[in-house]
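Okay, so the sequence shown: first residue is 566 according to this note's numbering, each after it adds one. Please read the structure below before turning to the comments.
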Amino acid sequence: MIPISKKIFNVENHIARERLIGVVGGVGPEASNKFCEFLIKNKRAGSDQDHLLFLHYCNPKIPDRTEFILGKGEDPRPEIIRTCKILQEAGSSFLVIPCNTAHAFLKDIQESVDIPIVDMTKVLVKKVLEEFPPISKVGILATTGSIKAGIYQAYFENVGVKTLLPSKKDQEELVMKAVYGINGIKAGNKTAPKKLLIKAAQKLIDQGAEALVLGCTEIPLILKKKDLGVKLFDPMELVAQEVIEYLEQEPIEMITITYELTRENIFQDKEVIKT
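See the structure below:
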């Protein structure tokens, strides 16, 4: 007997839908929550319905990014990629990772998913040049992992802007202690870390920094413009602004829904969404 395929045919339907932002959360949890807050507060909206669609998946089990870069911890890439795939499968149009240090692995992460990931480092440099075109020296406050990976230094140097970094001693005793210390930001503290960061920032200003990049998503949680006499750039907020501007211009995307009809499901609604 000639075997008869159970599959009858596929039906494809092309529809338009509003773009969905996928937020890779938990790196760290408070920072990614703040990013979502930026998406809400910075969006011009006259009603609830005017706000953006976003899906925030908070995964605090992602290993520490700086520890891995320094050769002291577990590779965070598999768990970041798993989180990205969860958001992709949930229907996200593109992804945002509110963690500066994670961008050291952006190439590997991007190659593992089929939707775009916003590059925080490129957005930051673009915004700095737009808002402060005559700048020649910028100070970087970031984790040791970000500094070692050079995620900002190379971009700024390519456009003729010199980057100023804390000394090794200040990096450990001021910046890293403020973020990772027992009484640091990641432990839920604010007052003591703020004093350490102001001290580190002031040293960079004294060296000629015309503006400061707050290159760790925990730092802007406590360090504000009123604390110092120079312009502060928060990559996380700038990415939120960039995403909002993009979606105001390109809010809709086309997707294909494929209906696979078989003898078993011909009277059932089986949808597989392919973006």
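Even for Gly, the Cβ is constructed at its ideal location relative to N, Cα and C. Given the structure is predicted, the values throughout are model-derived calculations rather than measurements.
Check, Outcome
"Proximity winner among 595, 666, 812, 646, relative to residue 633 (alpha-carbon distances)", "666"
"Spatial neighbours of residue 772 in its chain, beta-carbon cut-off 6 Å, leaving aside the 5 residues before and after", "729"
"Start and end residues, beta strand (DSSP E) containing residue 704", "702-707"
"Straight-line gap, residue 794 to residue 650 (C-alpha atoms, nearest Å)", "42 Å"
"Whether residue 759 touches residue 788 by CB criterion (8 Å)", "yes"
"Pick from 766, 767, 746 that is closest to residue 757, judged by C-alpha positions", "746"
"Where residue 661 sits in the DSSP three-state scheme", "strand"
"Residues bridged to residue 589 [DSSP beta-bridge criterion]", "622"
"At least three beta-carbon pairs within less than 8 Å, the region 669-688 to the region 614-627", "no"
"Close Cβ partners of residue 764 (< 6 Å) along its chain, the five nearest in sequence each way excluded", "739"
"Rounded separation between residue 588 and residue 815 - CA only", "18 Å"
"Cβ shell of residue 603 (< 6 Å), same chain only, five flanking positions each side left out", "802, 805"
"Whole alpha helix (DSSP H) elements within the region 680-734, 4-residue minimum", "685-696, 709-714, 718-723"
"As assigned by DSSP and simplified to three states, the class of residue 776", "strand"
"CA-to-CA distance, residue 720 to residue 699, given in whole angstroms", "16 Å"
"Unbroken alpha helix (DSSP H) run spanning residue 670, endpoints", "No alpha helix (DSSP H) contains residue 670, which DSSP labels as neither H nor E."
"C-beta atoms of residue 596 and residue 812 nearer than 8 Å", "no"
"Residue 610, DSSP secondary structure in three states", "coil"
"Contacts around residue 569, its chain only, beta-carbon distance under 6 Å, and the 5 residues preceding and following it disregarded", "Unreliable placement is indicated for residue 569, whose pLDDT of 44 sits below 50; the coordinate value is still reported in the next sentence. Excluding residues within five positions, none has a Cβ falling inside 6 Å."
"Backbone CA spacing between residue 706 and residue 590 [nearest angstrom]", "21 Å"
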